[in-house]
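J.:
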Amino acid sequence: METRSQPHIAASIGRKKSKWNTIIEQRYLFLMSLPFVIWLFIFNYVPIWGWTMAFQKYKPGKSFSEQTWVGFDNFVQLFQEPHFYLVLRNTLAMSSMSLVVGYTVPIVFAILLNEIRLMAFKRTMQTISYLPHFVSWVVVAGIVTKMLSTDGGIVNEILVGLHIIDKPIQFMAQGHMFWGIVTLSDLWKEMGWNSIIYLAAIAGIDPEQYEAAKVDGAGRFRRMWHITLPGIRPTIMVMMVLSIGWLTSIGFEKQYLLGNAIVQDYAEVLDLYVLNYGIKLARFSFGTAVGIVNTIVAITLLLTSNWLFKRWTKESVI
28 METRSQPHIA ASIGRKKSKW NTIIEQRYLF LMSLPFVIWL FIFNYVPIWG
78 WTMAFQKYKP GKSFSEQTWV GFDNFVQLFQ EPHFYLVLRN TLAMSSMSLV
128 VGYTVPIVFA ILLNEIRLMA FKRTMQTISY LPHFVSWVVV AGIVTKMLST
178 DGGIVNEILV GLHIIDKPIQ FMAQGHMFWG IVTLSDLWKE MGWNSIIYLA
228 AIAGIDPEQY EAAKVDGAGR FRRMWHITLP GIRPTIMVMM VLSIGWLTSI
278 GFEKQYLLGN AIVQDYAEVL DLYVLNYGIK LARFSFGTAV GIVNTIVAIT
328 LLLTSNWLFK RWTKESVI
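Mapping to the numbering used here: the sequence shown position 78 is 105, numbers consecutive.
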């Protein structure tokens, strides 16, 4: 009776603690986090004031009170432009492909890398896979363009040599191939780096589970399926929710550097749309409206995915 009642008493005492007591006990942690909260507020929340430009006909040089207010005109204009839906299609298509390929391959790579027992080979593989992350997209775009070139490009050389195609293909001029080229380029660049967090999660699994499974006769595949994957499941789910939240914010570097005038209908994404039709044409209010829509879609996707995650696992990321 005593052993059962003691935890109950301790839990009752814990519940009686007020929030103020908790704050006082952890005051040093709060003070340590304060500079970062201030930094976050200044650089992430104060700039939201600039969203008011989306409801104005903004003219540089005029003060805030001298600007002309136009209500939701910029948003109406945005949703009436057919080109916006083409850009939105490209953004969602490339983001979805990147989410599926760029999310699953690092998990598989981390699990397979964990199974390598020769440490020298394992570390070499890790180093080789991490290196592309530190290469700029300018260099990556040059490498990809050269590899896919019809003038001595290694990809065309191999395909022609294996008689898969009769003559070299202008890959960079094929609009329907652009999404795949961007996805595979991004995968090559970030696969090793993205696998780090899964390797760290695998390292946290109790080795005794593997020993017990080995004693029971489980092979490597069964150990991966029944121990490794369930062991990193929370990490996988958190990373998926966060990745879905970034679905519409894929940047523009790779599309800008790999794209050209021939494949523009497939290469232009929301960030490039803001750059081309907002900043370059001095339509600052219109560009801000696009940015607000982008943010609202991202937040909606993040909350929806977190809600599904919570219903499935009874846990929440946010």
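Yeah, the Cβ is synthetic: ideal placement off N, Cα and C, and Gly gets one too.
1) Just checking my contact of residue 262 with residue 228 at CB under 8 Å: how many whole Å lie between their CB atoms?
2) So the candidates are 301, 323 and 322; which of them puts its Cα closest to the Cα of residue 114?
3) What residue range is occupied by the uninterrupted alpha helix (DSSP H) comprising residue 129?
4) Can you check DSSP and say which residues form a bridge with residue 210?
5) Within its chain, find whatever has a CB closer than 8 Å to the CB of residue 287; leave out the 5 residues flanking it on each side and keep chain order.
6) How is residue 339 classed by DSSP in three states: helix, strand or coil?
7) In the DSSP assignment, what residue or residues form a beta bridge with residue 252?
8) Please confirm if the segment 65-74 is in contact with the segment 84-92, defined as three or more CB-CB distances below 8 Å between the two stretches.
9) Please classify residue 298 as buried or exposed, where buried requires at least 16 neighbouring CB atoms within 10 angstroms.
10) Quick check: the segment 252-261 against the segment 308-316, are at least 3 beta-carbon pairs closer than 8 Å?
11) Restricting to Cα atoms, I'd like to know which of 63, 150 and 102 is closest to residue 323.
12) Leaving aside the five residues before and after residue 208 along the sequence, list all residues of the same chain whose C-beta is less than 6 Å from its C-beta, in chain order.
13) Measuring alpha carbon to alpha carbon, tell me which residue in 182, 166, 157 and 185 is nearest residue 218.
14) Based on the DSSP output, what are the partners of residue 83 in its beta bridges?
15) CB-CB under 8 Å to residue 181, same chain, minus the five flanking residues each way: which ones, in chain order?
16) Taking the alpha-carbon of residue 284 as reference, which of 194, 169 and 150 has the nearest alpha-carbon?
17) Comparing alpha-carbon positions, which option in 326, 147, 153 and 81 lies nearest residue 97?
18) Around the Cβ of residue 107, are there at least 16 other Cβ atoms within 10 angstroms (buried) or fewer (exposed)?
19) Taking the alpha helix (DSSP H) that residue 272 falls in, what are its first and last residues?
20) Who are the near neighbours of residue 118 in its chain, counting only those whose CB is closer than 7 Å to its CB and skipping five residues on each side?
21) Return the CA-CA distance between residue 317 and residue 325, expressed in angstroms with no decimal places.
22) Just tell me which of 289, 67 and 124 has its CA closest to the CA of residue 206.
23) With contact counted as at least three CB pairs below 8 Å, one residue from each stretch, are the segment 327-334 and the segment 231-238 in contact?
24) Using the three-state DSSP reduction, which class does residue 309 fall into: helix, strand or coil?
25) In this structure, how does DSSP classify residue 89 when only helix, strand and coil are distinguished?
T.: This is what the structure gives:
1) 4 Å
2) 301
3) 109-141
4) DSSP, once it has assigned bridges, lists no residue as partnering residue 210.
5) 199, 200 and 294
6) helix
7) None, per the DSSP bridge assignment.
8) no
9) buried
10) no
11) 102
12) none
13) 157
14) 96
15) 174
16) 169
17) 81
18) exposed
19) 260-272
20) 275, 277, 296 and 297
21) 12 Å
22) 124
23) no
24) coil
25) coil
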